[in-house]
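Here is the structure we will look at.
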Amino acid sequence: MLNRLLHHPGLRLLAAIFGTLLCAVGVNLFIVPLGFYTGGLMGFCQILRTLLLSGLNFELGTIDMAGVLYFLINIPILIYAWRLLGRGMALRTLVCTVTSSLFYAIVPIPSAPIMEDPLTACLLGGIFVGVGSGVVLTCSSTVGGLDIVGVCLSHKGVSISVGRFNIGFNAALYAVCLFLFSPEVTIYSVIYNFFAAIVMDRMHQQNVSVQIIIFTHADEVAISQSIIDKLGRGVTYWEGVGAYTGENVHVLCVCLSKYEVEELRQVVHEVDPHAFLVVEEGIRVEGFFFKRQ
Numbered sequence: 011m012l013n014r015l016l017h018h019p020g021l022r023l024l025a026a027i028f029g030t031l032l033c034a035v036g037v038n039l040f041i042v043p044l045g046f047y048t049g050g051l052m053g054f055c056q057i058l059r060t061l062l063l064s065g066l067n068f069e070l071g072t073i074d075m076a077g078v079l080y081f082l083i084n085i086p087i088l089i090y091a092w093r094l095l096g097r098g099m100a101l102r103t104l105v106c107t108v109t110s111s112l113f114y115a116i117v118p119i120p121s122a123p124i125m126e127d128p129l130t131a132c133l134l135g136g137i138f139v140g141v142g143s144g145v146v147l148t149c150s151s152t153v154g155g156l157d158i159v160g161v162c163l164s165h166k167g168v169s170i171s172v173g174r175f176n177i178g179f180n181a182a183l184y185a186v187c188l189f190l191f192s193p194e195v196t197i198y199s200v201i202y203n204f205f206a207a208i209v210m211d212r213m214h215q216q217n218v219s220v221q222i223i224i225f226t227h228a229d230e231v232a233i234s235q236s237i238i239d240k241l242g243r244g245v246t247y248w249e250g251v252g253a254y255t256g257e258n259v260h261v262l263c264v265c266l267s268k269y270e271v272e273e274l275r276q277v278v279h280e281v282d283p284h285a286f287l288v289v290e291e292g293i294r295v296e297g298f299f300f301k302r303q
């Protein structure tokens, strides 16, 4: 039932926004009060906030500066990556980036840790962030940051995957943490991110590569352009002949992720409600292929 509801674009966006709230709650209530740091671009913003507070004594009252910095840094990233994401995902990513930044800024950080035990705090924070991130990804969206930077690098021909780029960035980030702060802070920050990654992997519908073959009598160019604009996926098409009817038919081939299948089905049926789709999961894709995870 929940899976069917999430196929509705409006409900899917609301669910993604709720996911960004869960992430902010997990970080601000359990991780930040103990002085630990999340990974990725938000972790960089948290370190930058700490340096600004300690070095310049610059603060924004009750607003957490990390959320504001996160939004500002994401602006040029999203502008550059707009065409790579496709219009549909780009709009959802923009909304989720704004709400994520807002929640990180306004969710109150307790003056004293809610959980005194650091391992328990890391576990609870990892659960909240993992569930929230999994919901956002399952709803065909992201909150900007490193995933988008990695996609841009891949698009420019840099031989590094999005996942490897994230790992490399986080390794450098925690090396900085080790230099600036105590080893305990760095170790618990890594433990928290490990918990969050495990939960997110369980929540998120796995990024299984899927090939969809579309058979249609409608305008194949219009369908292809709609897929490119709304999903940011490439399309190959050719002419075929139905053996039973002897009629000409347009055949289109698209490779994408499992959780994008429903959106592609909606895009195709907007142009041709009678289009015939064949879905093959678990294929292997080599070369430049944007894995949104």
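Under the numbering used here, the first residue of the sequence shown carries the number 11, and numbering increases by one thereafter.
We put the beta carbon where it would ideally sit given N, CA and C, even for glycine.
(request) With DSSP as the reference, label M11 as helix, strand or coil. (result) Here residue 11 is taken as the residue at index 1 of the sequence shown, counted from 1. Below a pLDDT of 50, predicted positions are generally treated as unreliable, and M11, at 46, falls in that range; the measurement from the model is reported next regardless. In the structure shown, M11 sits in coil (DSSP, three-state: anything other than H, G, I, E or B).
(message) Determine whether the beta carbon atoms of V145 and F28 lie at a separation below 8 Å.
(response) The residue given as residue 145 occupies position 135 in the sequence shown. The residue given as residue 28 occupies position 18 in the sequence shown. Their beta carbons are under 8 Å apart, which means V145 touches F28 by this criterion.
(request) Drop a sphere of 10 angstroms on the beta-carbon of Y80, count the other beta-carbons inside from all chains shown, and report buried for 16 or more, exposed for fewer. (result) Sequence index remark: in the sequence shown, residue 80 carries index 70 (1-based). Buried.
(request) Excluding the 5 residues preceding and the 5 following V186 in the sequence, name in chain order all residues of the same chain whose CB lies nearer than 7 Å to its CB. (result) Residue mapping note: residue 186 aligns to position 176 of the sequence shown, counting from 1. Taken in chain order, the residues that qualify are I57.
(request) Report the residue from S150, G50, I237 whose alpha carbon sits nearest the alpha carbon of T246. (result) As a first step, residue 246 must be located in the sequence shown, where it is residue number 236. The residue with the shortest Cα to Cα distance from T246 is I237.
(request) Would you give the residue range spanned by the alpha helix (DSSP H) that H279 belongs to? (result) On the sequence shown, position 269 is the one that residue 279 refers to. Its alpha helix (DSSP H) spans residues 271-281.
(request) Tell me W92's beta-bridge partners as DSSP assigns them. (result) Taking the first residue of the sequence shown as position 1, residue 92 is located at position 82. W92 pairs with nothing; no bridge assigned.
(request) Can you say whether Y90 is buried or exposed, counting buried as having 16 or more other CB atoms within 10 angstroms of its CB? (result) Translated into positions along the sequence shown, residue 90 becomes position 80. Classification for Y90: exposed.
(message) Can you tell me where the alpha helix (DSSP H) holding I208 begins and where it ends?
(response) If you number the sequence shown from 1, residue 208 lands on position 198. Bounds of the alpha helix (DSSP H) holding I208 are 193-213.
(request) Kindly give me the distance between the Cβ atoms of G49 and L183, rounded to whole angstroms, as I take these residues to be in contact under 8 Å. (result) Taking the first residue of the sequence shown as 1, we reach residue 49 at position 39. Taking the first residue of the sequence shown as 1, we reach residue 183 at position 173. At roughly 6 Å, the Cβ-Cβ gap stays under 8 Å, so G49 and L183 are in contact.
(message) Nearest by alpha-carbon distance to T226: which of V259, I158, T255 is it?
(response) As a position in the sequence shown, residue 226 is number 216, starting the count at 1. The option with the nearest alpha carbon to T226 is V259.
(request) Specify the secondary structure class of A26 as computed by DSSP and reduced to three states. (result) The sequence position of residue 26 within the sequence shown is 16, counting from 1. It is helical.
(request) Measure from the alpha carbon of S143 to the alpha carbon of each residue in Y202, G292, M213, then state which is nearest. (result) Along the sequence shown, read from residue 1 onward, the residue named residue 143 stands at position 133. Closest option to S143, Cα to Cα, is M213.
(request) Could you check how far apart the C-beta atoms of F46 and S199 are, in whole angstroms? I think they sit under 8 Å. (result) By 1-based counting over the sequence shown, the position of residue 46 is 36. By 1-based counting over the sequence shown, the position of residue 199 is 189. Sure, about 5 Å apart at Cβ, within 8 Å.
(request) Indicate the three-state DSSP secondary structure (helix, strand or coil) for Y47 in the structure shown. (result) As a working mapping, residue 47 is identified with position 37 in the sequence shown. If DSSP states are grouped into helix, strand and coil, Y47 belongs with coil.
(request) Indicate the three-state DSSP secondary structure (helix, strand or coil) for S151 in the structure shown. (result) Taking the sequence shown and counting its residues from 1, the one referred to as residue 151 is at position 141. If DSSP states are grouped into helix, strand and coil, S151 belongs with coil.
(message) For the alpha helix (DSSP H) containing Y114, name the first residue and the last one.
(response) Position 104 of the sequence shown, counted from the start, is the residue given in the question as residue 114. 97-116 is the extent of the alpha helix (DSSP H) around Y114.
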